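Residue numbers (mature numbering (1 follows the signal peptide of the UniProt record, and there is no 0)): -37 to -1, 1 to 1157. Glycine included, every Cβ here is placed at the ideal spot set by N, Cα and C. As the structure is a computational prediction, the values presented were derived from the model and not from experiment.
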Amino acid sequence: MNEASRPERRPFRRAAPVAAVAVAVAATLAAPGPVSAQTIDCSTLGDNPRRSGIAAALDAAAACAVEVRVSARAWDQMTVYATPAGQLHLVSTAEAVQEYLDSGPSDPTLEAFAGTLAQTNSRWWAYLRYDDPEAPLFDTLVGGLDWAGDIPVPTYEGTTAFYDELSPGLDLTADVGSTDVGFRFNVADLDAWNALATGLLTDASRAEAVDGSLRFDDTDSKPDTEWTTPFTVRDAAGAVHRADLDLAGDGALTVTLSEEALAAAEFPLTLSTQWADRSYRANEWGAVTSAAADSTLYRGEAGLDEPYFAAAGQSADAVGGSYCDDLAGGECAQAEAAVYWNFEWPMLAGLDPDTSYTFEYPVSAAVFSVDAAEGAACSAPKLNLTEEYSAAATWNDRPAVIGSAGAGECEGGTARYDLTDAVSGAWSDPEASGSVTFGTADSTETARFDGGSARLDVFFDIAGFFYAGPHYSLCRSLLDAAPFFKTATPEYGNTLVKTWRSETLDLGLTWTATFTDQTTGAVALTTDPKPVPLGSSPYYVLEDPLPNGKYRVEYDFSSTTVDFSYRAAPCYLVVDTAAPEFLDITVEPGQRYVGDTVGAAIEVADEGFPDGLNALTVGCSVCTGPAGVLTENGVHDVEIQVTDTNGRASFYLLDKAGNSAELPVLDLPATYSKNDFDGDRHQDLVTVRRSDGALLLHAGKGDGTFAAPTVLATGWGHMDVTMPGDITSDGRPDLFARDNRNGNLYTYPGDGDGGFGTRISAGSGWNTVESFAVGEFFYSGFVDLIGVKSDGAVVVHRGNGDGTFGASPVGTSQLGRSVDMIVNLDNLSGENEDELMVRDARTGEYWIYHLRAGQTSSAMAGLADLESSAFNTRLFSSVTSAGDTDGDNYADLVAVDAATGELVRESFRYDYGLHAVATDQVEGTGWGRYRLPSVQADGTYDYTGDGNADVFARRASDGKLYVYNGNGSTGFGPIGTWGTGLKSLTLLETAGDFDGDGFADLLGRDSDGALYLYPGNGGGGHDPASRLRIGTGWNAMSAIVSGQDFNGDGKVDLIARDKATGYLWLYPGKGDGTLAARVQFSTGWNGMREITSPGDLDHDGHADVIGIRSSNDCMYFYGGRGDGTLKAGVLVSCNWTGYDQVAAVEDFDGDGHGDWIARRQADGRMYLYRGNGTGGFDVRVTIVTGWTWANAVA
């Protein structure tokens, strides 16, 4: 078979292709830059200078007034030069005629290399098997072919290798170029065809058979891509057919023709294809013709011994327009042809000289040139801009026209085109990776070209641009995150712009800002152009106001020296000058306790809201969780943490611009839940029933009333009970009590279900304390214990948090002797420590104190009196703090009216002073039978209000009545007098608080048998005019005793012995100084003398009676049952002969047990019989002598 050689290619010519380019180059050569020749030795540059990077190349070009190649783009088909004028010059050629780096021009001449044949010098290496038995038939860096049979050692000459007898009758000719290889398989007969059809192999992992060609695509970005033209079969008669390819998974490549084509084919056949480098560094060209509509003419070749158009009689390798085709069915078959040149983008972005800048390379000028074929006249037909040309293009599948590129002109034998607009449009994106393709337009004229001579010269300006957008407080890149301004003239600008080499590459930048209404799309404002202050970021304020709205802000930068403009990515801001407003705040109704969270609904609105962007932040000072964010008008639900009794929630409402609503403050009064023993969130009440000493639970209903009591325990008559809240720190309310038999203190842990656990010993020796209360006084989280002694001293013991208290007091203070009751209240003032309510026994007034525990007496500061409440209009037998019983979120006091037995509720709030919220609310009747959970000193015999029991003695000589003030021990203090107005009375008897005014009274009977009540004033005296006549006929009674509650109704009663019958009668007191109908109390009492009632001698909670039996002069103890009856008498002691004037004196010595006194008649010595808490006494002590002068002692 004959060897064929490719036509000779003309060497690369560096002269500028058109006059415009020549002028531009001349200008660059005449405009040296700032780098001096002393910096760069121009003599070392050589004939084709090259430098690494744009910066170095520009410096050399400016210093030496020559174009300097940029190493990274010094390739065989495209080279980028830096010019003296500071531009880049791209020279892109259709063939590999430029110098690749410094390796000299490409030379595809084959040489033996390591068992293969390869080009002498090439950027793209193609290896043919020579004498290495392990080498494939053909291999590149991307793909290859192999032969299934034995491969003979080829002969080669120039660029052609010949393989004789791959199989009998099958030869191969490979013509190697710098960017492609042409393969021609010469097939002698059908057997040879069959061998060829199944003998080829390739790498199936990288190859794909598409439309009769092989394609090797590594990635989508074409770094290493190779295609073949369609495998084409031409028979001896000139018939042409496209072969089909089938690639198996093992790499077997099957070549087939249709049965009809194979049967009609005249042997010998030629199977040809061209293997083409289509990488990003390879420019391509080719032609299509209607004369061979399914054939590819890649680089003018069609598998013939010469280029297709030369074989068709056109003496050229590229033809455009109408022409005569001698290969198409005879001489001069009229045909149409088009030529395409594909120039790859030089990827200038990869040359960016400084990563601190974003570079653009606007096209300044672009010229395309192509030589006429040798011997042909020059023609410059119109060119089109088309889609990319490929090795698979045919007339029937030619690149689509995108637009017109323009007409050219001939200069000598070269057609030249100014394609600045076309190239600029195609390569305006510096990140572009596509190619630009030009194709000849349809024409009736015939244009004959040297297709491989085509060249594209492009000059690029260099615009290195650094942009930093405005601070995020001015403008943001996402509308959803846009800053809001509450001014119509917001700040703008604050952009930072720098340009690369601004001292030599002056872009002359100006800028504007455009504000576009994001909702309507209308431009609201465009600022006047301003020079760009390179390197600084000044702020500007809009002079013209913007309406409320959302705005897209676009900063545009334009060069006055080059074709460069830059529109920064838009940023967004919102102008909102309207303030939001609260429409309503509704707090979840119901009872609130400190520690609760309470729901509240906040209704808000804002002008122009919702807009899909603005948001209202709403919250409060004591809300749990983060603030709420609303994106539309409506109601926002929050949870408010109740932190103290005088809680306030300050609400706030802000829009994104910082406009705020007027801030409402909502009062959220609350109380502590200290008495919810059964866990139903209602405050309960624990009492002791006077009649039987039963401990009762009155479950609260939440409306101020209580359910019928249930019995928790019995035998509690001797216990003083308080409701302290949670002493044991387990979250459940407990009970605290004193056993008044021995002064021991106990904590009864609540179980949260209305019951109590095993008691905890909390102290001893507290019988000397008149009244006590339990509360949090140290702000420690633990409940503390406070007590008031008979001398008014206050002692405080810090709580341990486990139901016990510190053994030693941590603070003392002084309230005065007149205080007979203290009750712990809720933290009314909100100062984190509980308050105390105290009663002044001298005046009957109630005061609320704040105890700053552990400090001196000055820390006991009176917060308020209760003069505006029922506490100064009613008289109460017992008082206690009950928490919030009616659900109005204010702390309540409940008290039993001494006269009526009504349960009265008072509610208080503290707001820079104590204020009654509800007063004199009657919540029940019949409560006189219950002892409320508070401890009040027994003032039955305290007439002077000093907290100690006193004694009356009347002098017989003048009837003067003296008041001997007890000293709280075993003697007397100052002596007062009631004068002589009671000298005619035949009987005197202490009566306790008989009229319910809070002060101890005196009973007296005159000689006519009238019984009178003489009310005490609490200060040791009385008003004679206030005497109250109780009744007449009392001369029938030989003994009258009073001062105690015998029937358990909470009111002071009177018992009297009938002189005639010896019956003991009970006259129930009404609490107002009058008596109800009598009932028989006992019988057989005519044999008794010196009958009196010292109170609860045996600490069972019921008033008792003692008397001396005349028959044996022995004293007997009659225990009260609390229901108006007495138990059988129990002997106390004998030898009471010669003693009279036995009188009850309560706990005279302050040891917590009831005592009595008696006079020895012989010498008038008065003895104190100190009760032992069991109904008897331990010892007697003399308290005074010489009282023979007294004819009455009470």
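- Residue pairing by DSSP places Y535 opposite R439, R515 in a beta bridge.
- Assigned with DSSP and collapsed to three states, T7 falls in helix.
- Beta-bridge annotation (DSSP): R13 is paired with R32.
- The C-alpha of W38 lies about 17 Å from the C-alpha of A89.
- Ranked by Cα distance from M1078, the first of L1089, N1098, H1065 is N1098.
- For secondary structure counted as the alpha helix (DSSP H) over 4 or more consecutive residues, the region 226 to 314 holds these complete runs in sequence order: 271 to 274.
- Within the DSSP secondary-structure output, V144 pairs in a beta bridge with V139, W238.
- DSSP places E222 within a helical segment (H, G or I) once states are collapsed to three.
- In the DSSP assignment, T933 falls outside any alpha helix (DSSP H) and carries neither an H nor an E.
- For R918 and G706, the gap between their C-alpha atoms comes out near 38 Å.
- Its Cα nearest to that of S840, the residue R802 stands out among Y812, A854, R802.
- The alpha-carbon separation between V914 and L1131 amounts to approximately 11 Å.
- D70 is bridged by DSSP to N84.
- By the 16-neighbour rule on beta-carbons within 10 angstroms, G1149 is exposed.
- T349 sits away from G414, with the two beta carbons spaced by 8 Å or more.
- Using a Cβ distance threshold of 8 Å, N928 and T903 do not count as a contacting pair.
- S870 is bridged by DSSP to D855, A881.
- The beta strand (DSSP E) runs of length 3 or more contained entirely in the region 1042 to 1129 are, from start to end of the chain, 1042 to 1045, 1051 to 1058, 1067 to 1072, 1077 to 1083, 1089 to 1096, 1102 to 1107, 1119 to 1123.
- For V1156, the three-state secondary structure derived from DSSP is strand.
- For L470, DSSP records no beta bridge to any residue.
- Taking all protein chains in view, the Cβ of K1022 is surrounded by fewer than 16 other Cβ atoms within 10 Å, so the residue is classified as exposed.
- Secondary structure at P937: strand, using DSSP grouped into helix, strand and coil.
- By DSSP's assignment, T953 forms a beta bridge with L965.
- Counting along the chain, A368 sits inside the beta strand (DSSP E) bounded by residues 364 to 369.
- Nearest to L314 by C-alpha distance, out of A19, F76, A954, A202, is A19.
- DSSP places S1005 inside the beta strand (DSSP E), whose first and last residues are 1000 to 1007.
- Boundaries of the alpha helix (DSSP H) around S387: 383 to 389.
- Across the set S242, S920, S285, the C-alpha of S285 shows the shortest separation from the C-alpha of A254.
- In terms of Cβ geometry, L974 and L966 form a close pair [threshold 8 Å].
- Apart from the 5 residues on each side of it in sequence, P772 sits with its Cβ closer than 8 Å to the Cβ of V758, V759, H760 in its chain, given in chain order.
- About 4 Å separates the beta carbon of Q1104 from that of V1156, a gap short enough to meet the 8 Å contact definition.
- Counting C-beta pairs with one atom in each stretch, the region 521 to 535 and the region 560 to 569 have fewer than three that are closer than 8 Å, which means they do not touch.
- Comparing alpha-carbon positions, the option among L129, L108, T219 lying closest to Q237 turns out to be L108.
- Secondary structure of C373 (DSSP, three-state): strand.
- For S319, same chain residues with a beta-carbon under 7 Å away, outside a window of 5 residues either side, are F429 in chain order.
- About 6 Å separates the beta carbons of S1074 and G1050, which is inside the 8 Å limit, making them a contact pair.
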